Amino acid sequence: MAGCGGSQSPRRLSTLLQLLQFKGMAPCDPADRKGLNPFFIPMATDVDGTKVGLLRWPTPEHLAMPLVRSNSGSSPSSGLQLLATDVDHYIKRIAAEEDFKGSPMAREVIALANNGLWDSQEPYVAGSVKKLGYGVESPAA
6 MAGCGGSQSP RRLSTLLQLL QFKGMAPCDP ADRKGLNPFF IPMATDVDGT KVGLLRWPTP
66 EHLAMPLVRS NSGSSPSSGL QLLATDVDHY IKRIAAEEDF KGSPMAREVI ALANNGLWDS
126 QEPYVAGSVK KLGYGVESPA A
């Protein structure tokens, strides 16, 4: 990813982008940062101008970049909101949300979320959230 302070793109970035599109967002140019936090790397935007992207701040390069939302559109609240500590956590969150709400696309989303996991990563198992009995609180993006 050019302009990311030497950081490499998250390994499952393409999976994230597919899932953000599933949630109604459109990919955007990461280099188009006018008016945005200088540490924010936009990846996708919604119709309101809210963007989801990575936060590249002064940390060791081996640390994962958090996924954040920038309320830069018509929203009265500006700034960044943490969505997940890394891309993999957000991918799993989307799978859990779609599974919990019984989305007709849940199976496809879960399969996509489980594709390309590291050997040490646990796949999301359909029904896991309901089995816990706590539910989920879904962010806007």
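In the working numbering, the protein residues as written are 6 to 146. Glycine included, C-beta positions come from ideal geometry on N, C-alpha and C. No experiment lies behind these values; they were computed from the predicted model shown.
Cβ neighbours of residue i in the same chain (closer than 7 Å, five flanking residues each side left out)
i: N119; result: P128 and Y129
i: K135; result: F105
i: A31; result: A49 and T50
i: I96; result: R17, T20, L21, L24 and A118
i: N42; result: S75 and L85
i: V141; result: A101, E102, F105 and V134
Residue i - DSSP class collapsed to helix/strand/coil
i: F45; result: strand
i: C9; result: Only weak support is given to the placement of C9: the predicted model assigns it a pLDDT of 46, under 50, and the value that follows is read from those uncertain coordinates. C9: coil per DSSP, three-state reduction.
i: R98; result: helix
i: L87; result: strand
i: V52; result: coil
i: R38; result: coil
i: V161; result: This structure does not reach residue 161, given that the chain is present from 6 up to 146, and the question cannot be answered.
i: G140; result: coil
i: A69; result: coil
i: R112; result: helix
i: S14; result: coil
i: S19; result: helix
i: L117; result: helix
i: E103; result: helix
i: Q2; result: Absent from the structure is residue 2, since the part of the chain shown begins at 6 and ends at 146.
Cβ neighbours of residue i in the same chain (closer than 8 Å, five flanking residues each side left out)
i: S133; result: A101 and D104
i: V73; result: F45, V57, G58, L59, L60, L85, Q86, L87 and L88
Beta bridge counterpart(s) of residue i as assigned by DSSP
i: L60; result: F45
i: P32; result: A49
i: S75; result: K56 and L85
Spatial neighbours of residue i in its chain, beta-carbon cut-off 6 Å, leaving aside the 5 residues before and after
i: G58; result: F45, I46, P47 and M48
i: I99; result: L24
i: S125; result: none
Chain D within 7 Å of residue i, Cβ atoms only
i: A101; result: In the structure shown, chain D does not exist; there is a single protein chain.
Specify whether the stretch 46-59 and the stretch 24-36 touch according to this definition: at least 3 beta carbon pairs, one from each stretch, less than 8 Å apart.
yes
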